[in-house]
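Asks: Take this structure, written in structure tokens, and hold onto it; I'll ask about it next.
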Amino acid sequence: MTERMETGGSMLRPRRKEGFPRLLAQLMRRRSAAIGMAVVMVLTLMSILVPILHGGDPLQGTEAAAYLGPGLEHPFGTDVLGRDLFLRVFYGGRFSLAIGFSAVLFSLAFGVPLGAIAGYSGGKIDALLMRLIDLMLSFPSLLLAIVLTTLFGGASMSGLILSVGIVGIPQFARQMRGEVLAIREQEYVLAAKALGFQHLRILFRHVLPNTIAPLTVIATLRVGTAILDAAGLSFLGLGVEVGVPEWGTMIKIGRDEMSQTIWPALFPGLALTLTVLGFNLFGDGLRDALDPKSK
């Protein structure tokens, strides 16, 4: 991306040419990115609209309707309690998507400042923060999430968000540090320092705006990973509260019913797979569009 310097008051900063319409056009030209974006949008809209339009109760059913196969009345079939799986899958999608987005926002809120401080300050502060990040990365992410969930009191939605969010902090911190290390040596940042501007002003006016693109890519990819991590914890019994139809919990319950029917495990698993795949394809497309040199 070519940069031109412009004066805004006494500030020097690069002018950005890219806009949302151009980015959207680039994404549409990439089939995998367009498919990923479509999958994410469809699943998100279905998770919002189906529970509203269906009118049924995802937590209640009738034993007479237990283990029905897919049909017109129940497109995904029913479970052991006769609950409609079509409604439960998309109702559970609300929880899975909410956990994924909330965990990523938590990771961003703490990872970005840590990485910015480490990269901009350098020296002992950088070394100390990076050793802390390296320590967190030395543990397998699922193992660390299990330990954190246990520390936060076991199965709860808030504990699940915190655990998955903390696990994601190192990824954002390292990415942010690398971006800041590169940007702080740019001419417009050096010019701002020479003019005597405060460090916080330089960070917020010159450094942080130029990290939005890579952070957006990482965040998009991370949402899919966060949803998968949360489902894994729920499958192990460390996720949301008992009774909440989150995808991981539904897969766990469906596994116990495999001798009777496959539908209670198949459709939540399919929804989880498509969601993670959609975010990964969308994130890869964003990376190619925002940084063509990375291909």
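First residue of the sequence shown: 5, per this note's numbering; consecutive thereafter.
Quick reminder that beta carbons are idealized off the backbone N, C-alpha and C, glycines included.
Given the structure is predicted, the values throughout are model-derived calculations rather than measurements.
Tell me where the alpha helix (DSSP H) around asparagine 284 begins and ends.
Replies: As a working mapping, residue 284 is identified with position 280 in the sequence shown. Start and end: 267-294.
Asks: Give the DSSP-derived three-state secondary structure of threonine 154 in the structure shown.
Replies: Here residue 154 corresponds to residue number 150 of the sequence shown, with the count starting at 1. Helix, per DSSP.
Asks: Can you say whether phenylalanine 143 is buried or exposed, counting buried as having 16 or more other CB atoms within 10 angstroms of its CB?
Replies: Numbered from its first residue, the sequence shown carries residue 143 at position 139. Exposed: under 16 other Cβ atoms inside 10 Å.
Asks: Return helix, strand or coil for aspartate 130, following the three-state DSSP convention.
Replies: Against the sequence shown, residue 130 aligns to sequence position 126. Looking at aspartate 130 - three-state DSSP - the assignment turns out to be helix.
Asks: Quick check: is any heavy atom of the ligand MN less than 7 Å from the C-beta of valine 84?
Replies: Of ligands this structure carries none, so the ligand MN is not represented either.
Asks: May I ask which residues mark the beginning and end of the alpha helix (DSSP H) holding aspartate 260?
Replies: As a working note, residue 260 is residue 256 in the sequence shown. Note, aspartate 260: alpha helix (DSSP H), 251-260.
Asks: Would glycine 12 be called buried (16 or more neighbouring beta carbons within 10 Å of its own) or exposed?
Replies: The sequence position of residue 12 within the sequence shown is 8, counting from 1. Summary for glycine 12: the model assigns pLDDT 41, below 50, so the residue's position carries little reliability, and this model does not support an answer.
Asks: Inspect the CB distances between the segment 261-272 and the segment 183-197 and report whether three or more fall short of 8 Å.
Replies: Taking 8 Å as the limit for Cβ pairs, the verdict is that the segment 183-197 does not touch the segment 261-272.
Asks: Would DSSP call threonine 66 helix, strand or coil?
Replies: Along the sequence shown, read from residue 1 onward, the residue named residue 66 stands at position 62. DSSP places threonine 66 in coil when its eight states are reduced to three.
Asks: Tell me which residues share the same chain as methionine 15 and place their Cβ nearer than 6 Å to its Cβ, disregarding the 5 neighbours each side in the sequence.
Replies: Translated into positions along the sequence shown, residue 15 becomes position 11. Caution is warranted here: a pLDDT of 40 is assigned to methionine 15, below 50, making its placement in the model unreliable, and no coordinate value can be reported.
Asks: Does DSSP put aspartate 83 in a helix, a strand or coil?
Replies: Taking the sequence shown and counting its residues from 1, the one referred to as residue 83 is at position 79. Three-state DSSP puts aspartate 83 in coil, outside helix and strand.
Asks: Is DSSP giving aspartate 233 helix, strand or coil here?
Replies: Within the sequence shown, residue 233 is the residue found at index 229, counting from 1. Helix at aspartate 233.
Asks: From the DSSP output, which residues share a beta bridge with aspartate 61?
Replies: To locate residue 61, count along the sequence shown from 1; it is residue 57. Per DSSP, none; premise fails for aspartate 61.
Asks: What's the C-alpha gap between leucine 276 and methionine 262?
Replies: In the sequence shown, residue 276 corresponds to position 272, counting from 1. In the sequence shown, residue 262 corresponds to position 258, counting from 1. In a straight line, the C-alpha of leucine 276 is about 18 Å away from that of methionine 262.
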